[in-house]
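Trainee:
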Amino acid sequence: MMVMTTNMYRSILAKALTLPMDQLANVALAHKIHRDTLLLLLHDKIAHRIFKKFLASRMKDHFVVFVDEVDEFINLPGIEFMQHTAKKLFKKYLSEHAKLQVDMSTKMRQDIQAKLNTPSIDMFKSAIVKVKTGLLQDSLVRYLKSPIHSEMKQEFPDLVRNLMSAVDKGKVDLPQLESILSNPTYLTNFRKYLKTQHAAENLIFLEEVEEFRRLPSYEIVVRSAKKILDKYININTARSPIPIAAHLHDDMVENVDKAGKRYFSDAIQDVVSILRTTEVHDFLESPLFMQLIGSWVVLDETYAIRQLIGEVELAYFKHVVPLTKSVRQGQSGAPS
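Per UniProt numbering, the very first residue in the sequence shown carries number 1; after that it's consecutive.
(1) For residue 255 and residue 308, I'd like the C-alpha separation in whole angstroms.
(2) How many Å lie between residue 170 and residue 176 at the Cα?
(3) Answer yes or no: do residue 297 and residue 15 have a C-beta to C-beta separation smaller than 9 Å?
(4) How many Å lie between residue 64 and residue 115 at the Cα?
(5) Looking at residue 159: is its Cβ nearer than 9 Å to the Cβ of residue 183?
(6) Any chance the region 238-252 sits against the region 277-297, with 3 or more Cβ pairs inside 8 Å?
(7) Cβ atoms of residue 225 and residue 73: under 9 Å apart, would you say?
(8) Suppose you measure from the CA of residue 123 to the CA of residue 101; what does that come to, to the nearest Å?
(9) How far does the alpha helix (DSSP H) with residue 94 in it reach, from first residue to last?
(10) Is there contact here, the region 103-119 with the region 255-264, by at least three beta-carbon pairs under 8 Å?
(11) Give me the Cβ distance between residue 232 and residue 78, rounded to the nearest whole Å; I'm assuming they're in contact under 8 Å.
(12) Keeping to the same chain, check which residues put their C-beta closer than 7 Å to that of residue 185; ignore five residues upstream and five downstream.
(13) According to DSSP, simplified to helix, strand and coil, what is residue 2?
(14) Between the Cα of residue 141 and the Cα atoms of 125, 196, 157 and 166, which residue gives the shortest distance?
(15) Taking 9 Å as the threshold (C-beta atoms), are residue 212 and residue 86 in contact?
(16) Rounded C-beta distance between residue 215 and residue 82? I'm assuming under 8 Å.
(17) State the DSSP-derived secondary structure class of residue 263, mapped to helix, strand or coil.
(18) At the level of alpha carbons, what is the spacing between residue 251 and residue 236?
(19) Going by DSSP, what residue range makes up the alpha helix (DSSP H) through residue 166?
(20) Can you round the beta-carbon distance between residue 12 and residue 295 to whole angstroms, since I take them to be within the 8 Å contact cut?
(21) Taking 9 Å as the threshold (C-beta atoms), are residue 234 and residue 247 in contact?
(22) Closer than 7 Å by C-beta to residue 199: which residues in its own chain qualify, once you throw out the five before and the five after it? Chain order, please.
(23) Can you list, in chain order, the stretches of the alpha helix (DSSP H) that have 4 or more residues and sit fully within the region 102-130?
(24) Give the list of continuous alpha helix (DSSP H) stretches no shorter than 4 residues that lie fully inside the UniProt domain "RGS" (176-293).
(25) Less than 8 Å between C-beta atoms, sequence neighbours within five positions excluded: which residues of the same chain meet that for residue 60?
(26) Would you kindly work out how many angstroms separate the C-alpha atoms of residue 264 and residue 70, rounded to a whole number?
(27) When you compare only the Cα positions, how much space is there between residue 306 and residue 58?
(28) Using a Cβ-Cβ cut-off of 7 Å (strictly less than) and excluding sequence neighbours within five positions of residue 208, which residues of its own chain qualify?
(29) In the structure shown, what three-state DSSP assignment does residue 133 receive?
(30) Reducing DSSP to helix, strand and coil, say where residue 67 ends up.
(31) State yes or no: is the C-beta of residue 337 within less than 9 Å of the C-beta of residue 135?
Here's what the structure looks like:
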């Protein structure tokens with residue numbers, strides 16, 4: 001990385017003072033124009049580099065690096081594949097026009113639909129509970145009493161005996177259902193029965209949601225989330241933990257295995273709030289701000305003028321008068 005010499009700095013600073021003032025708004029207009037300066041500093045490549053340099057002088061450059069890494073996390077192929085798979089499951093089983101529609105309330109459908117663009121491993125949890133409850137209430141006892149279930153007696157005599165005992169006692173509940181769902185052979189037999197009742201879509205939905213929860217790409221998502229968490233958030237592992245609310249910290253550490261696209265959203269809001277309320281203001285008053293303006297001018301004067309909007313323009317006005325005087329004095333005192 002090139003180190004800026006004193007002469008280079010002075011040259012860039014002088015460039016910052018060459019902008020034609022008649023092409024800028026006046027101070028009164030600048031007060032009325034609002035633009036999110038932090039977003040400009042994060043998204044413009046030159047501004048990003050210089051703002052990060054400013055934060056490094058305050059031992060806070062990892063704030064910006066954290067934001068950058070979360071941006072990369074949000075765009076992971078694994079998350080995109082989760083989105084694709086989640087939307088496919090919703091369209092196939094939960095949408096109003098699904099051919100294999102699983103029964104549930106309109107509100108439950110809407111809640112799941114709202115999560116499709118920000119999927120997580122537990123986004124179908126309410127639907128799973130609803131489907132399992134439906135199987136318990138409508139299908140399981142009839143299945144256990146059916147001739148199709150009798151086919152399991154020879155292969156799983158103990159399990160059949162336990163299940164039928166629960167039927168006789170009227171205590172068929174979730175543990176009995178789970179014992180069937182967790183046994184591949186039993187599951188196939190149960191599906192065979194449900195097909196005769198035209199209700200197999202409920203079981204198929206559960207199977208496909210379980211596949212969704214075990215997506216190999218999701219392991220990449222979780223590993224990436226843990227890496228960012230341990231590097232920047234977790235007070236037990238991060239070198240300089242980013243200050244976020246204690247309850248948010250604890251919740252993130254506890255639920256990292258369920259990380260989805262919005263996992264870092266609240267932490268990002270906290271970081272952005274810190275940067276926006278303190279660091280941006282101080283940066284605009286620092287000499288590095290005029291280095292940014294000069295760097296923009298070197299790149300393209302028209303581009304630099306377009307960036308001088310709102311508080312960025314106000315900051316420029318505050319710098320330009322004393323700096324112009326300083327540069328002129330320096331030039332007049334220079335040996336000829």
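For every residue, glycine included, the Cβ atom is placed at its ideal position computed from N, Cα and C.
Mentor: Checking against the coordinates, here is how it stands:
(1) Near 42 Å, if we compare the C-alpha coordinates of residue 308 and residue 255.
(2) Pairing residue 170 with residue 176, the inter-Cα distance amounts to about 12 Å.
(3) Contact: yes.
(4) Rounded to the nearest whole angstrom, the CA to CA distance from residue 64 to residue 115 is 27 Å.
(5) In this structure, residue 159 lies near residue 183, with their beta-carbon atoms less than 9 Å apart.
(6) The region 238-252 vs the region 277-297: no contact.
(7) For residue 73 and residue 225, yes; Cβs fall inside 9 Å.
(8) Their backbone Cα atoms lie some 18 Å apart in a straight line.
(9) Run containing residue 94: none; DSSP gives neither H nor E here.
(10) Contact holds: three or more Cβ-Cβ distances are below 8 Å.
(11) Contact between residue 232 and residue 78 is absent: CB atoms are separated by about 20 Å, not below the 8 Å threshold.
(12) These residues qualify, in order along the chain: 155.
(13) Since pLDDT at residue 2 reaches only 48, below the 50 mark, its modelled position is unreliable, and the value read off the structure follows with that caveat. The three-state secondary structure of residue 2, taken from DSSP, is coil.
(14) Measuring from the Cα of residue 141, the nearest candidate turns out to be 166.
(15) A contact, by the Cβ cut-off of 9 Å.
(16) Cβ atoms of residue 215 and residue 82 come within 8 Å of each other, at about 6 Å.
(17) Here residue 263 sits in coil by DSSP.
(18) Just so you know, the alpha carbons of residue 251 and residue 236 end up roughly 14 Å apart.
(19) Unbroken alpha helix (DSSP H) run through residue 166: 157-168.
(20) Rounded, the Cβ-Cβ distance is 6 Å, consistent with contact.
(21) If you check the CB distance, residue 247 and residue 234 do not come in under 9 Å.
(22) Listed in chain order, the non-local C-beta contacts of residue 199 below 7 Å within the same chain comprise 139, local neighbours out to five positions each way being set aside.
(23) Assignment of alpha helix (DSSP H) within the region 102-130, counting only whole runs of 4 or more residues, yields 106-113 in chain order.
(24) Along the UniProt domain "RGS" (176-293), the alpha helix (DSSP H) occurs as fully enclosed runs of 4 or more residues at 184-196, 200-213, 216-228, 246-254, 265-274 and 280-284, listed in sequence order.
(25) Its chain contains 279 as the residues whose beta carbon lies nearer than 8 Å to that of residue 60, once the 5 sequence neighbours on both sides are disregarded; these appear in chain order.
(26) Rounded to the nearest whole angstrom, the C-alpha separation of residue 264 and residue 70 is 7 Å.
(27) Rounded to whole angstroms, residue 306 to residue 58 spans 29 Å at the Cα level.
(28) Cβ within range, chain order: 89.
(29) Reduced to three states, the DSSP call for residue 133 is helix.
(30) Note: residue 67 maps to helix in three-state DSSP.
(31) Residue 337 lies beyond the stretch modelled for the chain, which goes from 1 to 336, so this question has no answer here.
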